[in-house]
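Written out below as structure tokens is the structure these notes cover.
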């Protein structure tokens, strides 16, 4: 049993011997992203429409020339207008937003 | 038949695996095994929530649940690696030790009671409103303050930037000034030291850049164990031939991997570094061309300045009565001291009675992104021979820090000193660079700021700042502790290191800006930064006519740091307290004082994963065990809210080298668990609804606050990207800003944190960028986003010579391209991009135009790195060796024993040890130093409840040398009791040669090593090291001294129950300790 183990080249070591670098993708000479090691689709959004529209509204409200005097009470929070329809779970759907 | 053919021997004969070593020997079960990651529905990008290395994680989700967390191999920082804590983060987020329900302890109650989340939120909102009303203060001493001192908060530093932003915004509008976080007790010294030295308070370099160093000195840090994944870059450097040096009281894995290990007496690093400075100056091994052109070495200091060499350990300007320095005499000749530099508020609240010390209330930290202000015009002598030039003053100041003196003070043999001195000088210059890396082993001292200043001076002299493989790496220990300073939940700062206004000098916007803005450099634009922040806070209500609501900001009247807050709790003036992911009953100095303060509150809100010690002290704390408190007598009402984990919320962390990295919510939090962003948004919403219609002018800042963030999901979680967008800023047409240079002072731009401007440029979440490191250069500028302006190496103009050419091809980074007419290279140039190296401003130039082509430190008022700080710090323009508050040694350099302006607090439960010249000093003869372990995290809330981590490090222990063990009868694995004037703890004994007795001035000094993670709750339990420590603070930033103290150690377990207080009292009696012991200021 011991003799067998000593003769068996672990796969990672075999890869290292054959390719000259480790299979974990950390070697600096790799020229492509290592994400191929991960099978499920990953999620990396970069832009949100709901934020863009909210920023435009905030800019409009923040400009004294267009907003006039500040309302006496707190600005109304309109959930229908402000809420993003997608639940957090959408983060896990693999769709770029 | 199929079963028959499946026999291994037949598979072996019939198949290709004739030797039966591979597929033939594999069972079907084995063949069908596959990693959990393969069957996951998706992988969500995240960042490890533990230390500040910022390792990227892949969070695997299946059927709406997190099933695995692994390192992301694309990260340029971690390259797929995770340390034990990061690897255990699946257990942190999905383990069964997390609380998921709100709990309530009524006043004088003996048990927790369940409470629904909605009711709890409403009750807290009512408590805030009532306490605020009862404690509202329009004025203090005739000056407008517009605040409440009745409410305080203390947050952790694993909160997202977006969470910190909402915390500071809401509390500021409510008039709460006692807003603090872990950054105060961890790295506040860094901000003041690096800020005054270079102009920004963040790490000058980044982790991957360490691989380009030719020599790395790690001091005040156990890099390999406290930041293990970041340490790979030190190993990369070593593999390329770099010399690694570790200076530390304790031999650790970092030492084992170093080429040179230097054992040192805890608390003496300024003497050690001063020795190296003296060596560099006296042997003329400084980088002259760099020093002359890029530092203030040539600047002439005013003739009124007197050095510690003249005054036996004191600088000129000391007011012995107020225990504070007047820094006017430290100024450049022709310069004017500015209010921001140290006297913004000398009316310090003297909490210590007649023993209290003066302070500028943390003004030094406001140099986190804008150096200290100097005004006027000054003279330079570039021959460096004028006796009053900085260079000559520095030379004289350190002339007695000889190798012999270093040996006498630090216990470092001269031969070792010379090896290190040779290594750093031989590895500095045009062709080579040396880097420094440090952590809280430097920050947590009564002279913590000056420790880091000493390293800054050394690196400037060697020409190592702004260059590849050089710099100073501030190793921060929490996922977003850098972010917690940038977007501060700190009492003295607004976002972007804009100082909070003081009641005593700043009445309106103009006078505030006049006092704090600079004449030269980018800090001259502070008015634009501030007005854009006020627009972000108050939107349309902020107009030019009302000073953009500047009056809405509450005012400071002294230091309101977390340690002063505890005094205020003990005094009964602070009545309500939020703990947002922080556990001061374990993690802050003098934990008993912390608990006694909380026992004097009206109400306490604790938000955390589990029932930490700061939530349960009222029923099972040490004072209950001793009988000093009775649960039934404690009137504090306690609310416990379960917190969401990093996988359950979106947001950004800012890592140790200023890099913002986004983590995405993978799943919804369960039960009542919510993010702190959710908590603050909905608490603010409820308070605003309850105050709607109020005509009280005190409520206007709350009602006018812009607080209409979009929400998402069933839980109404704020859209984190919207908060990031507000932090980034926009113009009046709603276009996103891309640079702080676009900010205006006319109210047409809004920006929540000017140094983060650009992080949401073009509507893109820049911190979410994830371009693999294998597709980029070392700087990996398309991974995340670093402040400022996505620069990775700060002050990189200094990587080129005064003519704009690289100092050498080996160390090229950024250089002037004559053909393009701009600075180019492998980083964003930290300089006006088209400013020629030969540009010289005329005398009338101001602001950015006043920066010459050889001023690499663009946030400094004079564009130079500061060897000498004419303003900005409260305890001196140059680092000077003082002994720690508790020390067995007298100061061998001066008669002045301790930092004369340190902050001390004379309280019955905060007694100090005798001076070494007093007979009682022998009662506490041993030096203690404290540290973090790889497997645990700060005060334990994120590690002591995890089975994996608890199993790896199950017990509190103390490390002692074989010699000390023999002297005191301590046995390996048996118990020891460690005693100070404050408390006693018991720990398992580890007898190890890792602790080295040192010969210090002819005496043998024994040191004891103590990790500080434990407390009585969780799976892995033990006494808290901070039962031993005292509240004694650095005067610049109010950080505690817990890296060097003294104690006794004896075999056996500590007394229990009512026997403990008399045991401590007997020790104090033998030592002759009174309320005046250790309280002195200047002694010469």
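Protein chains in written order, with the working numbering: chain H, 243 to 339; chain R, 32 to 1115. Where is the CB? At the ideal position from N, CA and C, for every residue including glycine.
By the rule that beta-carbons nearer than 9 angstroms mark a contact, residue 261 (chain H) does not touch chain R. The shortest CA-to-CA distance from residue 824 (chain R) to any of R:642, R:495 and R:562 is the one to R:495. Note on geometry: alpha-carbon atoms of residue 427 (chain R) and residue 345 (chain R) lie some 15 angstroms from one another.
Residue-level contact by beta carbon fails for residue 256 (chain H) and chain R, as no gap is shorter than 9 angstroms. Note on the segment 671-726 of chain R: whole beta strand (DSSP E) runs with a minimum of 3 residues are 682-685 and 690-694, in chain order. Non-local beta-carbon contacts of residue 274 (chain R) in its own chain, meaning distances under 8 angstroms to residues more than five positions away in sequence, involve 245, 246, 247, 290, 291, 454 and 458 in chain order. At a cut-off of 9 angstroms between beta-carbon atoms, residue 124 (chain R) makes no contact with chain H. Each of R:160, R:192 and R:1026 was checked against the Cα of residue 178 (chain R), and the nearest Cα belongs to R:160. Taking a beta-carbon distance threshold of 9 angstroms, residue 893 (chain R) does not count as an interface residue toward chain H. In the displayed model, residue 114 (chain R) falls within coil according to three-state DSSP, outside both helix and strand. Look at residue 528 (chain R) here: in three-state DSSP terms it is helix. Listed as beta-bridge partners of residue 168 (chain R) by DSSP are R:178.
Among the bridge pairs identified by DSSP, residue 284 (chain H) is matched with R:74. Its Cα nearest to that of residue 588 (chain R), the residue R:172 stands out among R:1078, R:172, R:1026 and R:831. If you draw a straight line from the Cα of residue 669 (chain R) to the Cα of residue 297 (chain H), it comes to about 38 angstroms.
Put simply, the segment 1023-1039 of chain R touches the segment 427-443 of chain R. At least three CB pairs are less than 8 angstroms apart. For a Cβ distance threshold of 7 angstroms, residue set 286 of chain H lies close to residue 801 (chain R), ordered along the chain. When rounded, the separation of the alpha-carbon atoms in residue 881 (chain R) and residue 406 (chain R) is 12 angstroms. Using a Cβ-Cβ cut-off of 8 angstroms, residue 252 (chain H) is close to nothing in chain R; its nearest Cβ partner there is about 12 angstroms away.
Residue range 644-651 is occupied by the alpha helix (DSSP H) that includes residue 649 (chain R). Measuring C-alpha to C-alpha distances from residue 254 (chain R) to each of R:45, R:104 and R:469 identifies R:469 as the nearest. Close partners of residue 753 (chain R) in chain H (Cβ separation under 7 angstroms): 293 and 296. In the three-state reduction of the DSSP assignment, residue 136 (chain R) falls in the strand class, which pools E and B. The count of Cβ pairs closer than 8 angstroms, one atom from the segment 864-873 of chain R and one from the segment 881-893 of chain R, reaches three, so the stretches are in contact. Listed along chain H are 301, each with a C-beta nearer than 7 angstroms to that of residue 764 (chain R). Take residue 800 (chain R), set aside five residues on each side of it, and the residues of its chain with a beta-carbon closer than 8 angstroms to its own are 813, 814, 815 and 816, in chain order.
Residue environment for residue 169 (chain R): exposed (fewer than 16 other C-beta atoms within 10 angstroms of its C-beta). Rounded to the nearest whole angstrom, the C-alpha separation of residue 773 (chain R) and residue 1059 (chain R) is 51 angstroms. Interface annotation for the segment 42-55 of chain R against chain H: 52, criterion Cβ-Cβ distance under 8 angstroms.
Taken through DSSP and simplified to helix, strand or coil, residue 317 (chain R) comes out as coil.
Scanning chain H for C-beta atoms nearer than 9 angstroms to the C-beta of residue 76 (chain R) yields 284, 285 and 286, reported in chain order. Scanning its chain for C-beta atoms nearer than 7 angstroms, with the 5 sequence neighbours on each side dropped, one finds around residue 798 (chain R) the residues 683, 691, 692, 693, 790, 815 and 816, in chain order. Between residue 955 (chain R) and residue 737 (chain R) the beta-carbon gap is near 54 angstroms, outside 8 angstroms, which marks them as no contact. Within the same chain, and ignoring the five residues on either side of residue 1089 (chain R) in sequence, the residues whose Cβ sits closer than 8 angstroms to its Cβ are 657 and 658. Between residue 314 (chain R) and residue 456 (chain R), the C-beta gap is smaller than 9 angstroms, which places the two residues in contact. Taking the Cα positions, residue 503 (chain R) is about 19 angstroms away from residue 309 (chain R).
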